[in-house]
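Okay, so the sequence shown: first residue is 98 according to our numbering, each after it adds one.
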Amino acid sequence: MPNPAKEQWLKVADRYWELWNLPNCVGAIDGKHIKIKAPPNSGSSFYNYKGYFSIVLMAVSDADGLFLSVDIGEYGRNSDGRALKESEFGKALFNDQLSLPEPTYLPGEEDIFPYYFVADEAFPLTDHIMRPYPRRQLTNERRIYNYRISRGRKSVECAFGMMVSKFRLLETPIHCSVNNIDCIVQAVCVLHNFIRIHDGSFTQSDKPQIQSCYQEQLNQNQSKLNNQRPTNNAVNLRNRLCNFFSIHPLPWQEKYTV
Numbered sequence: 098m099p100n101p102a103k104e105q106w107l108k109v110a111d112r113y114w115e116l117w118n119l120p121n122c123v124g125a126i127d128g129k130h131i132k133i134k135a136p137p138n139s140g141s142s143f144y145n146y147k148g149y150f151s152i153v154l155m156a157v158s159d160a161d162g163l164f165l166s167v168d169i170g171e172y173g174r175n176s177d178g179r180a181l182k183e184s185e186f187g188k189a190l191f192n193d194q195l196s197l198p199e200p201t202y203l204p205g206e207e208d209i210f211p212y213y214f215v216a217d218e219a220f221p222l223t224d225h226i227m228r229p230y231p232r233r234q235l236t237n238e239r240r241i242y243n244y245r246i247s248r249g250r251k252s253v254e255c256a257f258g259m260m261v262s263k264f265r266l267l268e269t270p271i272h273c274s275v276n277n278i279d280c281i282v283q284a285v286c287v288l289h290n291f292i293r294i295h296d297g298s299f300t301q302s303d304k305p306q307i308q309s310c311y312q313e314q315l316n317q318n319q320s321k322l323n324n325q326r327p328t329n330n331a332v333n334l335r336n337r338l339c340n341f342f343s344i345h346p347l348p349w350q351e352k353y354t355v
């Protein structure tokens with residue numbers, strides 16, 4: 098996987114603004130369960146909430162569905178938030194060691210805003226991770242925010258989908274030792290990037306088709322919300338981004354928030 102410097106993060110942010118209309122966004126974070134045969138004497142460590150044995154692939158993608166970072170091997174029973182916290186990328190993110198660019202102005206705004214990743218409700222809300230509002234707290238403005246965030250998350254969801262469609266061994270349990278499975282999945286992720294670069298990039302026509310995929314993922318993660326309380330600054334940042342989406346609307350966003 099690449100090790101982006103500030104210049105690369107800025108290029109990713111420009112692409113997110115161009116494709117998904119998300120300002121200052123530098124990636125989408127999500128976890129995927131890789132089906133495996135139950136390892137000997139592993140008990141329930143690898144048994145996940147979906148009802149099968151798995152390891153977690155924790156990935157960060159850019160706007161075009163290329164993986165920027167992957168971490169493989171977390172127990173399937175652990176939540177996405179826990180997998181991120183234990184990953185090398187997560188440790189670097191939470192310790193401000195990712196070389197992210199300095200906060201800058203949102204388009205048309207006068208106050209600076211940090212660069213951030215988008216994620217679903219299984220992840221913590223921090224200064225550098227923007228997640229949706231819970232459904233019990235939704236207003237029309239917050240529904241618009243959730244929709245706009247879900248558009249950015251489409252990149253990592255599509256990356257997983259494209260990877261599985263090309264490498265069919267991911268559709269059935271992998272019968273190997275856990276160490277070998279980690280190596281196989283790492284190789285698949287690198288090959289996915291290679292193929293994606295040669296296949297081309299997303300286009301503007303890919304934009305609106307997200308709502309059903311997002312709602313399904315939202316329902317799955319509602320029962321496993323991360324217990325880490327967001328800081329007041331993170332809450333204020335999310336509210337500011339919500340206000341930005343209301344002031345700078347997309348022509349079609351209202352019909353996706355009904």
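Cβ coordinates follow ideal geometry from the N, Cα and C atoms, glycine included.
Asked: Does the distance from the C-beta atom of Asn-290 to that of Leu-181 stay below 7 angstroms?; Found: no
Asked: Going by the beta-carbon positions, is the gap between Phe-257 and Lys-147 smaller than 7 angstroms?; Found: no
Asked: Could you spell out where the alpha helix (DSSP H) holding Cys-286 opens and where it closes?; Found: 275-296
Asked: Helix, strand or coil, according to DSSP, for Pro-343 in the structure here?; Found: Going by the sequence as given, residue 343 is Ser instead of Pro. Ser-343 falls in the helix class under three-state DSSP.
Asked: With distance defined between alpha-carbon atoms, name the residue in Val-285, Val-157, Pro-120, Tyr-212 nearest to Glu-185.; Found: Val-157
Asked: Do Arg-245 and Phe-342 have their C-beta atoms closer together than 7 angstroms?; Found: yes
Asked: Ends of the alpha helix (DSSP H) at Leu-116?; Found: 103-117
Asked: Answer with buried or exposed for Trp-117, where buried requires no fewer than 16 other C-beta atoms within 10 angstroms of its C-beta.; Found: buried
Asked: What is the DSSP secondary structure of Ala-92, reduced to helix, strand or coil?; Found: The first residue shown for the chain is 98 and the last is 355, placing residue 92 beyond what the model contains.
Asked: Does DSSP classify Ser-247 as helix, strand or coil?; Found: helix
Asked: So for Gly-162, helix, strand or coil by DSSP?; Found: coil
Asked: In terms of residue numbering, what span does the alpha helix (DSSP H) encompassing Asp-177 cover?; Found: 177-183
Asked: Judging by CA-CA distance, which residue of Glu-115, Arg-250, Leu-119, Glu-218 is the nearest neighbour of Pro-125?; Found: Note that residue 125 corresponds to Ala in the displayed sequence, not to Pro. Among Glu-115, Arg-250, Leu-119, Glu-218, the Cα nearest to that of Ala-125 belongs to Arg-250.
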